[in-house]
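Participant:
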Amino acid sequence: MDASLLIAQFMSGLSRGMMLFLLASGLSLIFGVMNILNFAHASLWLVGAYLCYSFWYLLQDYAFGMWVSIALAALALAVIGWIVEVILIRRVYERDLPEQLLLTYAMVLIIGDLIKVVWGVEDKLIARPPLVEGPVFVFGMPFDSYFIFVILVGFGVAIGLWWFLQKTRYGHIVRAAVYSREMVSALGIPIPRIYTGVFVLGLFIAGLAGAVQAPVGSITLGMDMAIIIQAFCVVVIGGFGSLLGTLVGSIIVGEVYAFSILFWPQGALVLIFIVTAVVLIIRPWGLFGTPMRA
Amino acid sequence: MNSKYFRITLLVFSIILLCVLVNEGYALAAEPYHLGVDLAITGTGALYCKDGVDAIKLAVEEINAQGGFLGKHPIKLFIRDTHTKPDVAVREAKDLILRDKVRCILGTYSSACAVAIKPVAQEYKVLHIAAISNSENITKINFSPYTYQVVPNSYMQAKAVVLGVAELAKKKGWQEYVTIASDYEWGRSTQQSTVSLLNQVAPDLKLKKEFWPRLGETQFTSYITAIMGQKPDFVIGSLASKDNVAWMQQAKAYGFFDKIPYPGSLISVSELIVQAKTLSRGLVGLCRAPFFAHMDVPMMANLVKNFREKYERYPSDWAVMEYDAVYALKQGIEKAGSIDTEKVKDALKGMTIETTRGKLFFRNIDNQLSCSSYLGVVADDPNYPFPIYHDLIEIKGPDSWRPEAEIVDARSK
Chain A
4 MDASLLIAQF
14 MSGLSRGMML
24 FLLASGLSLI
34 FGVMNILNFA
44 HASLWLVGAY
54 LCYSFWYLLQ
64 DYAFGMWVSI
74 ALAALALAVI
84 GWIVEVILIR
94 RVYERDLPEQ
104 LLLTYAMVLI
114 IGDLIKVVWG
124 VEDKLIARPP
134 LVEGPVFVFG
144 MPFDSYFIFV
154 ILVGFGVAIG
164 LWWFLQKTRY
174 GHIVRAAVYS
184 REMVSALGIP
194 IPRIYTGVFV
204 LGLFIAGLAG
214 AVQAPVGSIT
224 LGMDMAIIIQ
234 AFCVVVIGGF
244 GSLLGTLVGS
254 IIVGEVYAFS
264 ILFWPQGALV
274 LIFIVTAVVL
284 IIRPWGLFGT
294 PMRA
Chain B
489 MNSKYFRITL
499 LVFSIILLCV
509 LVNEGYALAA
519 EPYHLGVDLA
529 ITGTGALYCK
539 DGVDAIKLAV
549 EEINAQGGFL
559 GKHPIKLFIR
569 DTHTKPDVAV
579 REAKDLILRD
589 KVRCILGTYS
599 SACAVAIKPV
609 AQEYKVLHIA
619 AISNSENITK
629 INFSPYTYQV
639 VPNSYMQAKA
649 VVLGVAELAK
659 KKGWQEYVTI
669 ASDYEWGRST
679 QQSTVSLLNQ
689 VAPDLKLKKE
699 FWPRLGETQF
709 TSYITAIMGQ
719 KPDFVIGSLA
729 SKDNVAWMQQ
739 AKAYGFFDKI
749 PYPGSLISVS
759 ELIVQAKTLS
769 RGLVGLCRAP
779 FFAHMDVPMM
789 ANLVKNFREK
799 YERYPSDWAV
809 MEYDAVYALK
819 QGIEKAGSID
829 TEKVKDALKG
839 MTIETTRGKL
849 FFRNIDNQLS
859 CSSYLGVVAD
869 DPNYPFPIYH
879 DLIEIKGPDS
889 WRPEAEIVDA
899 RSK
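Protein sequence lines correspond, in order, to chains A and B.
If you're matching positions, the first sequence starts at 4 in the working numbering and goes up one per residue.
If you're matching positions, the second sequence starts at 489 in the working numbering and goes up one per residue.
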């Protein structure tokens, strides 16, 4: 088999993995810090995609329209995240998981209907600027230039999150809150404010992920449900709350999918679930998670 | 005395009878026709079904403006969302029948949904007209006399593609190909029909590999690189709606269509409109009911005019076919002289109807409408704000549908 084909397939797997990482990192962060399993995360991701479309629609005559729209969508979803956290999420911090799931699942249904009201049911399409419209060639094989941007954003977010969590005071507090909320609280640090900040950051990344996804194909209702399962596979493989685990899990899922398409096209999705099941059996807390979380 | 009592009794009975008849007559005149719609208003099929629903509403408005079916049965619409899921489609179909008492269900986007609701419609003796979903299995096997199809089925579309592709393969010396089709009822049946027909028409062509992205796939990059790595002479695709848009967008970004011919994929008027700016010109596409092919038919001209006035856009294939479905039902009811489902079902059998696509008929053996498939080259046109098909080839229904003997054979197995 041609080496350039393997490289092209690796690149497409990597781009798929980065798309998943952008979605799953916010999901994992929120769960890791706040212990909230946000089932509506992908629905909010979809709102990010629609917001990107709306901004792009207003700015489409400008060369920078799409790039600015992506940034604006991420910021707008962060604001939405703040409102959602204050009004809804903070009321279920102390509740059991089923109640949290019930609330966030209700949010899925509400967001779905709100999208219908605001944007209608028609598919939305964003025309890419010429810079990312055509292919680039990697070892002689064409590769969609937009996905170079996706990969860069993915690694950029990974590095940014790592820097934030490891190198900043606020990041240290967030990490400490993962292990002992009481201790952090005893130090006089307001936990609710930390949680709000983490939720807003998670939704900022979800908004960015949705906006980055928007120019890939058409934006339509139901996209969230199609991707959330794979996002959960990512965090299960990587370990809930682990940034490195989410990154590695995303790349594993992306590459397994890409290479199974090459060698066993019928079994692409099945293989992802097999990998997830194997990890769950052997290491229930994921590759990079901690047993405490499990 | 007896005579007097007899006359009074007769008078009273006559008055009662008159009251009953008048009341009955009034009731009949006012009885609305409950028409169910089971379409994918959200999810993968929303791109197509929005147009379908709008066209149904338009047709209903037009008919109701004349008093409804037979001039006295105003149509009452009940619209449900299948979410492109067979279990939801069945649940909604049952609800439409049992709660809303519909006499006919128009649908569906997904062939899997159509196949799922067919036995439900048959069980409850309700008409079912498939106007978007087009797997030939909807009418070929497990035949239901209550199910009619007004869209060229997957075999007819495959045959149309095959005839065009075989011609091109001969001309260009193509030898190997791969297929990419959505992994569900329609994608599978269309791909299988195409491959099987190509084997018959051009036995030298070799199928190298099959790709089956799941329905609702958003990222095709791995498929694109894998297909390009196969270096086929051409690719045949059976993708629809949102999946098709995503595929076309992403494949174009890879320069796919410049390197590998992709003839005969489904590029309906919806894709022509939605991807007006981005669609590769020169692609050889397939569609089911392009309005611009029949602007000489008064009914089509009327639909385009009214649809544009009402919705400020052109009707897609899906709008055209759902509109035809309502008018097929209207003509069936007129022929039957009644809204009774059994009579309408019998009236539609083998009936020739006026449609936006001209005069067409339902084939007796499978209730399939003799509608055409269309192949053409995507090109800009000064008359429209989106590309349309040039060099349009119309492959008539009777030239492309499966021979009756094969249907009989399939049913006997």
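Every residue, glycine too, gets a C-beta built ideally from N, C-alpha and C.
Less than 8 Å separating the beta-carbons of residue 792(B) and residue 802(B)?
Facilitator: A contact, by the Cβ cut-off of 8 Å.
Participant: Where does residue 856(B) fall in DSSP's three states?
Facilitator: Note: residue 856(B) maps to strand in three-state DSSP.
Participant: 8 Å is my cut-off, CB to CB: does residue 11(A) come that close to chain B?
Facilitator: Yes - at least one Cβ of chain B is within 8 Å of the one on residue 11(A).
Participant: Could you name the residues that DSSP lists as bridge partners for residue 906(B)?
Facilitator: Absent from the structure is residue 906(B), since the part of chain B shown begins at 489 and ends at 901.
Participant: Only counting runs of 4 or more residues, tell me where the alpha helix (DSSP H) segments fall wholly within the region 73–138 of chain A, in order along the chain.
Facilitator: The region 73–138 of chain A contains these whole alpha helix (DSSP H) runs: 100–122.
Participant: Run through DSSP, which three-state label would residue 696(B) get?
Facilitator: In this structure, residue 696(B) counts as strand in the three-state DSSP scheme.
Participant: Any C-beta of chain A sitting closer than 8 Å to the C-beta of residue 709(B)?
Facilitator: Yes, its Cβ sits closer than 8 Å to a Cβ of chain A.
Participant: Could you list the residues in the region 19–40 of chain A with a C-beta less than 9 Å from some C-beta on chain B, going in chain order?
Facilitator: Cβ contacts with chain B come from 19 and 22.
Participant: Mind listing which residues of the region 517–548 of chain B have their C-beta closer than 7 Å to chain A's C-betas, in chain order?
Facilitator: Listed in sequence order: 529, 530, 531, 532, 534, 535 and 538.
Participant: Residues of chain B with CB closer than 8 Å to the CB of residue 119(A), please, in chain order.
Facilitator: Simply 530.
Participant: For a test of the three-state rule: what should DSSP assign to residue 507(B), helix, strand or coil?
Facilitator: Confidence is the limiting factor: at residue 507(B) the pLDDT is only 49, short of 50, which leaves the residue's position unreliable and the question unanswerable from this model.
Participant: In the structure shown, what three-state DSSP assignment does residue 785(B) receive?
Facilitator: If DSSP states are grouped into helix, strand and coil, residue 785(B) belongs with coil.
Participant: Tell me whether the beta-carbon of residue 219(A) lies closer than 8 Å to the beta-carbon of residue 714(B).
Facilitator: No.
Participant: Is the distance from the Cβ of residue 17(A) to the Cβ of residue 238(A) below 8 Å?
Facilitator: No, these two residues do not count as a Cβ contact at 8 Å.
Participant: Which residues in the same chain as residue 56(A) place their Cβ atom closer than 7 Å to its Cβ, once the five residues preceding and following it in sequence are excluded?
Facilitator: Within the same chain, residue 56(A) has close Cβ partners 127, 129, 217 and 222.
Participant: Taking only beta-carbon positions, decide if residue 82(A) is within less than 8 Å of chain B.
Facilitator: Judged by the 8 Å Cβ criterion, residue 82(A) is not in contact with chain B.
Participant: When DSSP builds the beta bridges, which residues end up paired with residue 592(B)?
Facilitator: DSSP lists 523(B) and 615(B) as partners of residue 592(B).
Participant: Whole angstroms are fine: how far does the CA of residue 291(A) sit from the CA of residue 9(A)?
Facilitator: Rounded to whole angstroms, residue 9(A) to residue 291(A) spans 27 Å at the Cα level.
Participant: Among the residues of its own chain, which have a CB less than 7 Å from the CB of residue 781(B), if the five just before and after it don't count?
Facilitator: The residues are 862, 880 and 882.
Participant: For residue 161(A), tell me which candidate among 83(A), 249(A) and 93(A) has the shortest Cα-Cα distance.
Facilitator: The option with the nearest alpha carbon to residue 161(A) is 249(A).
Participant: Is residue 277(A) buried or exposed, if buried means 16 or more other CB atoms sit within 10 Å of its CB?
Facilitator: Exposed: under 16 other Cβ atoms inside 10 Å.
Participant: Checking contacts by CB at 8 Å: is residue 713(B) closer than that to chain A?
Facilitator: Taking Cβ atoms only, chain A reaches closer than 8 Å to residue 713(B), which makes this a yes.
Participant: Using a 10 Å radius around the Cβ and a threshold of 16 neighbouring Cβ atoms, would you call residue 37(A) buried or exposed?
Facilitator: Buried.
Participant: Taking residue 234(A) as the query, report the chain B residues whose CB atoms sit under 8 Å from its CB, ordered along the chain.
Facilitator: Under the 8 Å cutoff, chain B gives no residues; its nearest Cβ is about 13 Å from residue 234(A).
Participant: Tell me whether the beta-carbon of residue 640(B) lies closer than 8 Å to the beta-carbon of residue 622(B).
Facilitator: Yes, the pair counts as a contact, with Cβ atoms nearer than the cut-off.
Participant: What are the residues in the region 738–753 of chain B lying within 7 Å of chain A by C-beta distance?
Facilitator: Hits within the stretch, in order: 738, 741, 742 and 743.
Participant: Grouping DSSP H, G and I as helix and E and B as strand, with all else coil, what is residue 878(B)?
Facilitator: Of the three classes helix, strand and coil, the one that applies to residue 878(B) here is strand, per DSSP.
Participant: Thinking C-beta only, is residue 763(B) closer than 8 Å to residue 19(A)?
Facilitator: The answer is no: Cβ separation not under 8 Å.
Participant: Alpha carbon to alpha carbon, how far is residue 775(B) from residue 866(B)? Give it in angstroms, no decimals.
Facilitator: Taking the straight line joining both Cα atoms gives about 11 Å.
Participant: Can you say whether residue 852(B) is buried or exposed, counting buried as having 16 or more other CB atoms within 10 angstroms of its CB?
Facilitator: Its Cβ having fewer than 16 others within 10 Å, residue 852(B) is exposed.
Participant: Could you pull the start and end residues of the beta strand (DSSP E) that residue 864(B) belongs to?
Facilitator: First-last of the beta strand (DSSP E) with residue 864(B): 861–867.
Participant: Starting from the beta carbon of residue 130(A), find every residue of chain B whose beta carbon is closer than 8 Å, and list them in chain order.
Facilitator: 765 and 766, listed in chain order.
Participant: Which of helix, strand or coil does DSSP assign to residue 839(B)?
Facilitator: It is coil, neither helix nor strand.
Participant: If you pair each beta-carbon of the region 271–287 of chain A with each one of the region 66–73 of chain A, do three or more pairs fall below 8 Å?
Facilitator: At 8 Å Cβ cutoff, the stretches do not touch.
Participant: Using beta-carbon positions only, say whether residue 895(B) and residue 854(B) come within less than 8 Å of one another.
Facilitator: Going by C-beta atoms, residue 895(B) is nearer than 8 Å to residue 854(B).
Participant: State the start and end residues of the unbroken alpha helix (DSSP H) segment that holds residue 653(B).
Facilitator: Start and end: 642–660.
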